[in-house]
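Take the sequence shown: its position 293, counting from 1, is numbered 292 in numbering that gives the first Met the number 0, and each next residue is one higher.
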Amino acid sequence: MKIKMTLCCQILAAFFLTACSTPKMVNLDTVTVTENVADVPIYRNAYTRTSDIINTRLDLSFDWDSAYVKGRASILAKPYFYSTDRLNLNANGFRINNVSLVHNDDKKPLEYTYNGKILSIKLDKQYSRNENYTVFIDYIAMPYKLRVGEDITTDGDRGIYFINREGRERSKPRQIWTQGETECNSNWFPTINDPQEKMTQELNITVANEFVTLSNGTLEFSSLNGDGTRTDSWRQEQPHSTYLTMLAVGDFTITKDKWRDKEVSYYTEPAYASTAKLVFGNTPEMMEFFSGKLGVDYPWEKYSQIVVRDFVSGAMENTTATVFFEGLNMTEGQYLDENYEDIISHELFHHWFGDLVTAESWSNLPLNESFATYGEYLWDEYKYGRDAADLKGLEDLSAYLSNKDKRKVDVIRFDYADRDHMFDEISYQKGGRILHMLRKTVGDDAFFKALNLYLTRHAYKNAEIHDLRLVFEEVSGMDLNWFFNQWFLSSGHPVLNISTAYDTDNKEVKINIKQSQDLSVNPLYKIPLSVDIYQGTKAERKEIVLEKKDQTFTFPLAVSPDLVNVDAEKYILAEKQENKTLKEYAFQYQNAPLFMDRLEAVMKLLDMKDESLAKSIVIMALKDQSWFIRYSAMAVLEHLTEDERLAVLKQIKDMTLHDKVSQVRAAAVANLAKYYRAADNRDVFIQTVKDKSPAVIRASNSALK
Ligand SMILES: [Zn+2]
0 MKIKMTLCCQ ILAAFFLTAC STPKMVNLDT VTVTENVADV PIYRNAYTRT
50 SDIINTRLDL SFDWDSAYVK GRASILAKPY FYSTDRLNLN ANGFRINNVS
100 LVHNDDKKPL EYTYNGKILS IKLDKQYSRN ENYTVFIDYI AMPYKLRVGE
150 DITTDGDRGI YFINREGRER SKPRQIWTQG ETECNSNWFP TINDPQEKMT
200 QELNITVANE FVTLSNGTLE FSSLNGDGTR TDSWRQEQPH STYLTMLAVG
250 DFTITKDKWR DKEVSYYTEP AYASTAKLVF GNTPEMMEFF SGKLGVDYPW
300 EKYSQIVVRD FVSGAMENTT ATVFFEGLNM TEGQYLDENY EDIISHELFH
350 HWFGDLVTAE SWSNLPLNES FATYGEYLWD EYKYGRDAAD LKGLEDLSAY
400 LSNKDKRKVD VIRFDYADRD HMFDEISYQK GGRILHMLRK TVGDDAFFKA
450 LNLYLTRHAY KNAEIHDLRL VFEEVSGMDL NWFFNQWFLS SGHPVLNIST
500 AYDTDNKEVK INIKQSQDLS VNPLYKIPLS VDIYQGTKAE RKEIVLEKKD
550 QTFTFPLAVS PDLVNVDAEK YILAEKQENK TLKEYAFQYQ NAPLFMDRLE
600 AVMKLLDMKD ESLAKSIVIM ALKDQSWFIR YSAMAVLEHL TEDERLAVLK
650 QIKDMTLHDK VSQVRAAAVA NLAKYYRAAD NRDVFIQTVK DKSPAVIRAS
700 NSALK
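Here it is as structure tokens:
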């Protein structure tokens, strides 16, 4: 799942409300008890498995007026290990019409109890784990009767949604779509809410003839029912977790594409069919890239992507049928400002990490989400180069660091208050950055071989974090407990104070690093680091391992270096304080090789605003090869004198019209309007308002006011 930022904030707010419980005194007659929820130890175990669903067949139709789902479910199941005469299913707020055992073509009624949440079926006899049986359930699901706070946690948990069901909203199409993760699919069909429960499935969806349907797997056949309705039969032959089952109904245009011999398709509202290939067209190349990189071909029968209205999240990786929020309904112009390839690559990568190998419990959710987030990095790195990928890595690091309170929880958490809280910057962005450090620690070859082993060993099954460690240890031959313990099974991050000096008497470079994180709650980290020592433009690389609270490294050197660049690969998940000088940052901008080197230097030089050397280097950065550095460097305009500003006017004008990235053009228009006399530049704005990018047009219109 990819969460939209607004939703993410809501989830975070909810977390603080529930997590910050304070002791509260309650008087009960003569006895006083102290209630302190925080003192109760929580351990969120993986679910105990008593039954195993092998296949679910659903015959579904919908009543738009009442938003009811009329369902008939045939569930092929067996005891998981121990013999039992019971099958317990999650079924939230249903009306149960009939529960029977299916034997050949006969149905034999079964006894059951139903408390509105659990349908507990007494089978006709004790079954052993080698005996399959099929139960049939005729039911009505009533998702809009579920009460928030009682039956479901939030309005985002209905599981199935009827959009514009009365047809009164003229600007909105009528749609039905589902969202199963985490445990919401049992709001529309009886099942077992456990990510370990994997099944094959068959969905027969009856809708009015004008609607298109989508579900997991392939469309086996469609039959007209002679009453204006049609039944589409979708079947998925490969098992997947029950939270990944989906359906969607609506007026969609299907744009067909292809990867190798598999169908790739994009379901959009007809009005956006013309841009479907523009928005989703890189999908086959992504599938080829991920298949090759992982050594495991895209494992499912087809890949469809559908854009729906009012979606409860950013996107959801339902197996073979990803659902996206309406932001991906884009015009050609909007695509220039935001292409959403991060979200598209994220959901596709889930088809290996999440759908093929699934986290065994919500505590292990980072096995799904860290990987999907890292999939975004891998795609950027392959398609657009390391600069673009490192910018994405920086965004992830910032998202994690910007939330001070969330840093207090472990990445793999067995004590969350609510499973929805697992969908946060720790599971996603911090986890993604940890995987990048793991890759750098073992090397590319071992990293991708280990991922291959993880995916092949656990295919169509589940895994927990130790399974990941074990494949990395098996492939690399290294012990990696230290890495997994400090990063995945701990909270926080290193806070490093780095100071470098040259000792002229002893002719040596001294690097002192102090770890100043709170060691009562955070680990003392072991961190392998690269250090580049520059003499002129030539750098010599040294590898060091930081593992003490206060550690000094010395290297003999005949003359004072121009720069000592600690963490030369710039991927350590840490807060860093360094004692570099203006001259050293200026040198770093001009000589160090990475985007992150240059960006770090520009940001530090912007802080040294009155220094002319700092200003001249940042002005140089207006022509940097990275769009984000060009964009960031425009902040220098604020510190320039009138004459200095005039000296860069031509360059800023040039950026408004000719920079190849629309965000830079838009920012240049805004800066031209802010720091120069707008009246002098109307001719520029009259040209830029004709730009194709909505961001540039918006900035130009506001400049022309
Ligand atoms: Zn995700």
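All residues carry an ideal CB built from backbone N, CA and C; glycine is no exception.
Check                                                                                                             : Outcome
Same chain, Cβ closer than 6 Å to residue 610, neighbours up to 5 away in sequence not counted                    : 581
Inter-residue Cα distance where the pair is residue 225 and residue 120                                           : 36 Å
Own chain residues within Cβ distance below 7 Å of residue 279, not counting five before or after                 : 265, 304 and 343
Between the CA atoms of residue 340 and residue 6 - distance to the nearest angstrom                              : In this prediction, residue 6 has a pLDDT of 33, which is less than 50 and means its spatial position is unreliable; what the coordinates show is noted afterwards. Their backbone Cα atoms lie some 20 Å apart in a straight line.
Endpoints, the beta strand (DSSP E) within which residue 54 is located                                            : 50-62
Residue 699, buried or exposed, once every other Cβ within 10 Å from all chains shown has been counted against 16 : buried
Residue range of the beta strand (DSSP E) that includes residue 552                                               : 549-555
Touching by the beta-carbon criterion (3+ pairs, under 8 Å), the stretch 468-477 and the stretch 544-556          : no
DSSP-derived helix/strand/coil call for residue 480                                                               : helix
Same chain, Cβ closer than 6 Å to residue 527, neighbours up to 5 away in sequence not counted                    : 544
Cβ contact (3+ pairs, closer than 8 Å) linking the stretch 210-230 and the stretch 118-134                        : no
With 16 other Cβ atoms within 10 Å as the buried cut-off, status of residue 97                                    : exposed
Local conformation of residue 75 per DSSP, three classes                                                          : strand
Three-state secondary structure assigned by DSSP to residue 628                                                   : helix
Residue 345: CB within 7 Å of a non-hydrogen atom of ligand 1                                                     : yes
Proximity test, residue 69 beta-carbon vs ligand 1 heavy atom, cut-off 7 Å                                        : no
Heavy atom of ligand 1 within 7 Å of residue 239 beta-carbon                                                      : no
Test item: CB-CB of residue 464 and residue 369 under 8 Å                                                         : no
Given 8 Å, three or more beta-carbon pairs between the stretch 664-673 and the stretch 628-635                    : yes
Those runs of the beta strand (DSSP E) which lie wholly inside the stretch 296-328 and span at least 3 residues   : 302-306 and 320-323
Near ligand 1: residue 316 beta-carbon under 7 Å from a heavy atom                                                : yes
Proximal residues to residue 257 (C-beta, below 8 Å), its chain only, five neighbours per side dropped            : 263 and 283
Bounding residues of the beta strand (DSSP E) (the contiguous stretch that carries residue 93)                    : 93-102
Cβ distance (whole Å) where residue 462 is taken to contact residue 359 below 8 Å                                 : 6 Å
Local conformation of residue 574 per DSSP, three classes                                                         : strand
Distance cut-off 7 Å: residue 245 Cβ against heavy atoms of ligand 1                                              : no
Whether residue 206 touches residue 140 by CB criterion (8 Å)                                                     : no
Same chain, Cβ closer than 6 Å to residue 704, five either side skipped, listed in chain order                    : none
Burial state of residue 143 (16 or more Cβ within 10 Å)                                                           : exposed
Any non-hydrogen atom of ligand 1 closer than 7 Å to residue 0 Cβ                                                 : yes
Short CB-CB distance (under 8 Å) between residue 252 and chain C                                                  : Protein chain content of the structure displayed is limited to a single chain, and chain C is not contained in it.
Heavy atom of ligand 1 within 7 Å of residue 371 beta-carbon                                                      : yes
Closer than 7 Å: residue 368 CB and nearest ligand 1 heavy atom                                                   : yes
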